[in-house]
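Remarks on the structure that follows.
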Amino acid sequence: MNFQSLILELSRFWAREGCLIVQPCDLELGAGVFSPAVFFGALSPAPAAVACVEPCRRPADGRGGESPDRLGKYHRFRVMFKPAPADIAERFLRSFKALGLDRRGHDLRWIDDDWESAVLGASGSGWQVRLDGLEVARFTYLQALGSRPLAPVPVAIGYGLERLALRLQRKKSVFELDYSDRVTYGDLHLLGERQSFLGRFEEVDPAPIRRRFDEAEAEGERLAGLGLALPAYERVARLAHLLDLLDAAGALPAAEREGLALRIRGLAVKSAGQGPR
7 MNFQSLILEL SRFWAREGCL IVQPCDLELG AGVFSPAVFF GALSPAPAAV
57 ACVEPCRRPA DGRGGESPDR LGKYHRFRVM FKPAPADIAE RFLRSFKALG
107 LDRRGHDLRW IDDDWESAVL GASGSGWQVR LDGLEVARFT YLQALGSRPL
157 APVPVAIGYG LERLALRLQR KKSVFELDYS DRVTYGDLHL LGERQSFLGR
207 FEEVDPAPIR RRFDEAEAEG ERLAGLGLAL PAYERVARLA HLLDLLDAAG
257 ALPAAEREGL ALRIRGLAVK SAGQGPR
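Just so it is clear: in the sequence shown, position 43 is 49 by this note's numbering, and no numbers are missing.
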């Protein structure tokens, strides 16, 4: 199964399970849970069931195309239900069958791995899901977002599409993956991975990144003060990415990074408190 077929099959499967398939947002996200559809859907008292592909940026994880499975930008397929269905684990396992994966021929393990995000004021309990020794998904019951307890409890599932495709296609490197029948993943993304790595680590100038951080924070606070939760939250996502860039460049002492994360969390808390009801 090629990469684009993997996305299509997961979309079809979760649409049949009742999810609204939303489109990726145009923000630089560090994780699928940063998606506004997930963040505000989980906070709303109304039931929610959404799924989407989200490009995710992890500047510190990039290796300039030299690692077979570590990327500075990759893709998550995110699923969120609120409340969590009683049979969600069984549904998740059925999704592997829909991808043509016979679990009897593979080592599938659930590893305890609770999750938290300091910048979102978020936490949850759950598992890494490893397929033949490689983490291919995370399964998390979300307990808090924006420092607000969640009730009823939502469940968030995030498939790491590149790593899942590695196992489905039995390839050794993500850049060898068949994106389609005629195009490889490397054809599309290897050059960008190399150049982004150089821009983050070898040619980086932290000063303008820090200025953009301060500007985005001021704009987010202004929007939150006007009660505009959605655009204020977009600044939260932007700030989190800028913090990741500064951290990857080694431009922040640990104490300063913690202080900036707390400032972002403060804006996330305001956005959560003013979000859709």
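No residue lacks a Cβ here, since even glycine has one placed at the ideal position from N, Cα and C.
Rounded straight-line distance, which links the Cα of residue j to that of residue i
i      : j      : result
Leu137 : Leu194 : 26 Å
Gly164 : Arg76  : 16 Å
Ala95  : Ala222 : 39 Å
Phe87  : Glu122 : 18 Å
Leu114 : Asp108 : 10 Å
Ala243 : Glu34  : 7 Å
Gly192 : Leu105 : 22 Å
Cys25  : Phe145 : 16 Å
Arg188 : Gly198 : 19 Å
Thr190 : Leu183 : 6 Å
Gln149 : Trp133 : 14 Å
Arg100 : Phe9   : 19 Å
Leu234 : Glu240 : 10 Å
Ala37  : Arg269 : 19 Å
Leu236 : Gly265 : 24 Å
Leu196 : Asp32  : 21 Å
Lys103 : Ser41  : 27 Å
Leu12  : Ala171 : 7 Å
Glu60  : Phe45  : 13 Å
Arg217 : Ala224 : 11 Å
Pro65  : His81  : 14 Å
Pro53  : Gln201 : 42 Å
Leu14  : Glu262 : 42 Å
Ser186 : Ile215 : 36 Å
Cβ distance (whole Å) where residue i is taken to contact residue j below 8 Å
i      : j      : result
Gly47  : Phe181 : Their Cβ separation, rounded to whole angstroms, is 34 Å, which puts Gly47 and Phe181 out of contact at 8 Å.
Arg271 : Leu126 : 7 Å
Asp119 : Gly130 : Not really, about 10 Å apart at Cβ, beyond 8 Å.
Ala238 : Lys276 : 7 Å
Phe67  : Gly78  : Note on residue identity: the sequence assigns Asp, not Phe, to residue 67. Rounded, the Cβ-Cβ distance is 6 Å, consistent with contact.
Ala230 : Gln280 : 7 Å
Arg69  : Phe219 : Wrong, their Cβ atoms sit about 25 Å apart, outside the cutoff.
Ala128 : Val39  : 7 Å
Boundaries of the alpha helix (DSSP H) in which residue i is found, first to last residue
i      : result
Lys191 : According to the sequence shown, residue 191 is Tyr rather than Lys. Looking at the DSSP string, the run of the alpha helix (DSSP H) that includes Tyr191 is 191 to 203.
Ala90  : Taken as a continuous stretch (DSSP letters only), Ala90 belongs to no alpha helix (DSSP H), as it is neither H nor E.
Glu225 : 212 to 231
Asp108 : Where Asp108 is concerned, there is no enclosing alpha helix (DSSP H), given that its DSSP letter is neither H nor E.
Val242 : 235 to 254
Ser50  : Ser50 -> no alpha helix (DSSP H), and no H or E assigned at all.
Lys276 : 260 to 280
Own chain partners of residue i with C-beta closer than 8 Å, once the 5 adjacent residues on each side are dropped
i      : result
Pro91  : Arg97, Val161
Ala267 : Ala124, Val125, Leu249
Arg63  : Glu34, Leu35, Gly36, Gly78, Lys79, His247, Asp250
Same chain, Cβ closer than 6 Å to residue i, five either side skipped, listed in chain order
i      : result
Trp20  : Ala57, Val85
Leu258 : Leu252
Leu16  : Phe83
7 Å Cβ shell around residue i - same chain, five flanking residues per side excluded
i      : result
Glu227 : Leu273
Arg173 : Leu137, Asp138, Leu140, Val142
Pro212 : Leu252, Ala255, Ala257
Ala278 : Leu49, Leu151, Gly152, Arg154
Lys303 : Only positions 7 to 283 of the chain appear in this structure, which leaves residue 303 out of reach.
Glu23  : Arg97
Tyr147 : Ala90, Gly130, Ser131, Gly132, Val159, Val161
His112 : Leu137, Asp138
Ile117 : Trp133, Gln134, Arg136
Arg169 : Asp75, Leu140, Glu141, Val142
Pro30  : Cys58, Val59, Glu60, Pro61
Opposing strand residues paired with residue i [DSSP bridges]
i      : result
Gln134 : Ile117, Arg144
Gly164 : Arg84, Arg144
Leu26  : Val56
Ala128 : Ser123
Leu35  : Cys62
Ala21  : According to DSSP, which records beta bridges pairwise, Ala21 is partnered with nothing at all.
Asp184 : Thr190
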